[in-house]
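Asks: I'd like to ask some things about the structure below.
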Amino acid sequence: MAEIVISEFMDEAALDNLRQRYSVTYDPSLVDNPDRLQVELADAVALIVRNRTRVNASLLDHGPHLRCVGRLGVGLDNIDLDECRRRNIVVHPATGANDLSVAEYVMTGALMLLRGAWLSTAAVASGSWPRQALIGRELAGRTMGLVGFGAIAREVAWRAQAMGMQIVAHDPHLPADNPAWQSARNMSLDGLLEVADVVSLHVPLTPATAKMIGAAQIAGMKTGAVLINAARGGVVDEQALADALRAGKLGGAALDVFEVEPLTAEAGAKFVGIPNLLLTPHIAGVTDESNVRVSSVIAEKVLAELERTR
586 MAEIVISEFM
596 DEAALDNLRQ
606 RYSVTYDPSL
616 VDNPDRLQVE
626 LADAVALIVR
636 NRTRVNASLL
646 DHGPHLRCVG
656 RLGVGLDNID
666 LDECRRRNIV
676 VHPATGANDL
686 SVAEYVMTGA
696 LMLLRGAWLS
706 TAAVASGSWP
716 RQALIGRELA
726 GRTMGLVGFG
736 AIAREVAWRA
746 QAMGMQIVAH
756 DPHLPADNPA
766 WQSARNMSLD
776 GLLEVADVVS
786 LHVPLTPATA
796 KMIGAAQIAG
806 MKTGAVLINA
816 ARGGVVDEQA
826 LADALRAGKL
836 GGAALDVFEV
846 EPLTAEAGAK
856 FVGIPNLLLT
866 PHIAGVTDES
876 NVRVSSVIAE
886 KVLAELERTR
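Per the working numbering, the sequence shown starts with residue 586, numbered consecutively.
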């Protein structure tokens, strides 16, 4: 059995780095085969995952020698941190390695939804020439509202500002005297929703943030505003959002994360037929470049942890 088990995809150069010093089982299909994953963990000292592998007590019971878990990304809601602490298993996220990718996703979504013209290929190709229907809005002069003002949100902020937007943000965990507030107006959540033309979410999924954007919050948003969630599924009440889009309350939405992942046909039925909606399969932080960065960071962190605890 291998010393390092990797259950989801990882860059080859980082894998080679791990293989030079430890035996490695790399099989991205393990995430969908929990029985095999449990067997593979028998002798493992490290487990490397992305966001789909559920690292809970049941799985950890099969890895009695585990000393660390590497997370190829930043969200940790799929990892039972309390259980890992109880077992003296260190968890390492790839903090900062995919900030750029998510920020570019948010800006792309904002541009596409405000302009409203980029999904018209079939109509134009068919000869319908829907020119009047596709006159959209500019980004410049509008307000970007960032819910959560951590590293990724700040990457969004300076890009949005460079494109002529005003920046407002809400983050009760960031002290009012933090220098980051020099680039954004600090507002309450309700105040932000009232003034923002684009609302982008940048919060983890916790009991406090679960469905923090529900029917009441959406009702308080500007008519025609757009919502982007590349943070975590469950932060938005999906049914309330679908209803608001159908009613014409919002100008559009982009969702990269969902309450149910992978999104099933049943769970996705609420979104069918909504034209001003962009859905992607949790890939905002995954590009060719970010995969290299994330994988390299985690390989180095795991190697350092194993050397430290040898």
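Just so you know, even glycine gets a beta-carbon here, dropped at the ideal spot from N, CA and C. Please read all numbers here as calculations on a predicted model, not as lab measurements.
Using a Cβ-Cβ cut-off of 8 Å (strictly less than) and excluding sequence neighbours within five positions of glycine 721, which residues of its own chain qualify?
Replies: Along the sequence shown, read from residue 1 onward, the residue named residue 721 stands at position 136. So the list reads Leu699, Arg700, Gly701, Ala702, once near-sequence residues are dropped.
Asks: Residues in the same chain with beta-carbon distance under 8 Å from leucine 830, minus the five sequence neighbours each way, listed in chain order, please.
Replies: Here the question's residue 830 lines up with position 245 in the sequence shown. Contacts found: Gly837, Ala838, Ile859, Asn861, Leu862.
Asks: Quick one: what's got a C-beta closer than 7 Å to alanine 688's C-beta in the same chain, skipping five residues either side?
Replies: Start at 1 with the first residue of the sequence shown, and residue 688 comes out as number 103. Only Ile737, Glu740, Val741, Arg744 meet the Cβ criterion.
Asks: Please state whether DSSP places glutamine 824 in a helix, a strand or coil.
Replies: Walking along the sequence shown from the start, residue 824 turns up at place 239. It is helical.
Asks: Is serine 686 helix, strand or coil by DSSP?
Replies: By 1-based counting over the sequence shown, the position of residue 686 is 101. Helix.
Asks: What residues in its chain sit with their C-beta under 6 Å from that of leucine 603, if we drop five residues either side in the sequence?
Replies: Residue 603 sits at position 18 when you count from the first residue of the sequence shown. For leucine 603, where only same-chain residues beyond five positions count, the Cβ hits under 6 Å are Ile589, Val609, Ala884.
Asks: With DSSP run on the structure shown, which of helix, strand or coil describes threonine 693?
Replies: Locating residue 693 in the sequence shown gives position 108, counting from the first residue. Here threonine 693 sits in helix by DSSP.
Asks: With leucine 657 and glutamine 623 assumed to form a contact (beta carbons below 8 Å), what rounded beta-carbon distance in angstroms separates them?
Replies: By 1-based counting over the sequence shown, the position of residue 657 is 72. By 1-based counting over the sequence shown, the position of residue 623 is 38. Actually they do not touch by this definition, with Cβ atoms about 20 Å apart.
Asks: Would you call the region 868-884 and the region 683-697 in contact, with 3 or more CB pairs under 8 Å?
Replies: Enough Cβ pairs lie closer than 8 Å, so yes.
Asks: For the candidate residues Lys796, Val811, Thr808, whose alpha-carbon lies nearest to that of glutamate 823?
Replies: Within the sequence shown, numbered from 1, the residue matching residue 823 stands at position 238. The shortest C-alpha separation from glutamate 823 is found at Lys796.
Asks: Give me whichever residues DSSP pairs with serine 785 in a beta bridge.
Replies: In the sequence shown, counting from the first residue as 1, residue 785 sits at position 200. In DSSP, serine 785 forms a bridge with Leu731, Ile813.
Asks: List, from N- to C-terminal side, the alpha helix (DSSP H) runs of 4 residues or more that fit wholly inside the region 832-883.
Replies: Listed in chain order, the complete alpha helix (DSSP H) runs (minimum 4 residues) inside the region 832-883 are 850-853.
Asks: Measure how close the beta-carbons of alanine 810 and leucine 835 come, nearest whole angstrom, since I'm counting them as under 8 Å.
Replies: Your numbering for residue 810 matches position 225 in the sequence shown. Your numbering for residue 835 matches position 250 in the sequence shown. Right, the Cβ-Cβ distance comes to about 6 Å (below 8 Å), so this counts as a contact.
Asks: Can you name, in chain order, every residue of its own chain whose Cβ lies under 7 Å from the Cβ of asparagine 593, other than the five neighbours on each side?
Replies: For the purposes of this step, residue 593 is taken as residue 8 along the sequence shown, with counting starting at 1. The residue asked about is misnamed: residue 593 is glutamate in this sequence, not asparagine. If we look at glutamate 593 and ignore the five residues flanking it on each side, its Cβ neighbours are Pro613, Val616, Val634, Arg635, Arg637, Thr638, Leu657.
Asks: Taking only three categories from DSSP, how would you classify proline 678?
Replies: Looking up residue 678 in the sequence shown gives position 93. DSSP places proline 678 in strand when its eight states are reduced to three.
Asks: Going by DSSP, which residues form a beta bridge with cysteine 653?
Replies: As a first step, residue 653 must be located in the sequence shown, where it is residue number 68. Ala631, Val675.
Asks: Please work out which residues of its chain come closer than 7 Å, Cβ to Cβ, to glycine 655, disregarding the five sequence neighbours upstream and downstream, and give them in chain order.
Replies: Within the sequence shown, the letter at position 70 stands for residue 655. Answer for glycine 655: Ala631, Ile633, His677, Ile883, Lys886, Val887, listed in chain order.
Asks: Let's see if you can read the secondary structure: which residues bound the alpha helix (DSSP H) around threonine 706?
Replies: Within the sequence shown, residue 706 is the residue found at index 121, counting from 1. Its alpha helix (DSSP H) spans residues 706-710.
Asks: Apply the 10 Å Cβ neighbour rule to valine 857 and answer buried if 16 or more other Cβ atoms are within range, or exposed otherwise.
Replies: Here residue 857 corresponds to residue number 272 of the sequence shown, with the count starting at 1. Exposed is the call here.
Asks: Using DSSP with H/G/I as helix, E/B as strand and the rest coil, what is valine 659?
Replies: Taking the first residue of the sequence shown as position 1, residue 659 is located at position 74. In the structure shown, valine 659 sits in coil (DSSP, three-state: anything other than H, G, I, E or B).
Asks: Start and end of the alpha helix (DSSP H) containing glutamine 623?
Replies: Locating residue 623 in the sequence shown gives position 38, counting from the first residue. Note, glutamine 623: alpha helix (DSSP H), 619-625.
Asks: Nearest to methionine 692 by alpha carbon, out of Glu597, Ser768, Ile813?
Replies: For this step, residue 692 is matched to residue 107 along the sequence shown. Nearest of Glu597, Ser768, Ile813 to methionine 692, Cα basis: Ile813.
Asks: Is isoleucine 589 helix, strand or coil when you go by DSSP?
Replies: By 1-based counting over the sequence shown, the position of residue 589 is 4. Isoleucine 589 falls in the strand class under three-state DSSP.
Asks: Which residue comes first and which comes last in the beta strand (DSSP E) that contains valine 640?
Replies: To locate residue 640, count along the sequence shown from 1; it is residue 55. Where valine 640 is concerned, there is no enclosing beta strand (DSSP E), given that its DSSP letter is neither H nor E.
Asks: Quick check on this structure: which residue in Asn641, Asp662, Gly733 has the alpha carbon closest to the alpha carbon of serine 773?
Replies: Sequence index remark: in the sequence shown, residue 773 carries index 188 (1-based). For the residues Asn641, Asp662, Gly733, the minimum Cα distance to serine 773 belongs to Gly733.
Asks: Among Asn763, Arg621, Asp628, Val659, which residue has its Cα nearest to the Cα of arginine 817?
Replies: As a working note, residue 817 is residue 232 in the sequence shown. Among Asn763, Arg621, Asp628, Val659, the Cα nearest to that of arginine 817 belongs to Val659.
Asks: Quick check on the burial criterion: 16 or more other C-beta atoms within 10 angstroms. Buried or exposed for asparagine 876?
Replies: If you number the sequence shown from 1, residue 876 lands on position 291. Result: buried.
Asks: So the candidates are Ala599, Leu731, Met748; which of them puts its Cα closest to the Cα of valine 788?
Replies: Counting from one through the sequence shown, the residue named residue 788 turns up at place 203. Measuring from the Cα of valine 788, the nearest candidate turns out to be Leu731.
Asks: Who are the near neighbours of threonine 728 in its chain, counting only those whose CB is closer than 8 Å to its CB and skipping five residues on each side?
Replies: In the sequence shown, residue 728 corresponds to position 143, counting from 1. For threonine 728, where only same-chain residues beyond five positions count, the Cβ hits under 8 Å are Met750, Gln751, Ile752, Val753, Val780, Ala781, Asp782, Val783.
Asks: My output table needs one value for glutamine 746: the three-state DSSP class, helix, strand or coil.
Replies: Indexing the sequence shown from 1 puts residue 746 at position 161. Helix at glutamine 746.
Asks: Whole angstroms is fine: what's the gap from alanine 761's alpha carbon to asparagine 618's?
Replies: By 1-based counting over the sequence shown, the position of residue 761 is 176. By 1-based counting over the sequence shown, the position of residue 618 is 33. Answer to the nearest angstrom: the Cα atoms are 46 Å apart.
Asks: Quick one, are the C-beta atoms of leucine 696 and isoleucine 674 less than 9 Å apart?
Replies: In the sequence shown, counting from the first residue as 1, residue 696 sits at position 111. In the sequence shown, counting from the first residue as 1, residue 674 sits at position 89. No, the Cβ-Cβ distance between leucine 696 and isoleucine 674 is not below 9 Å.
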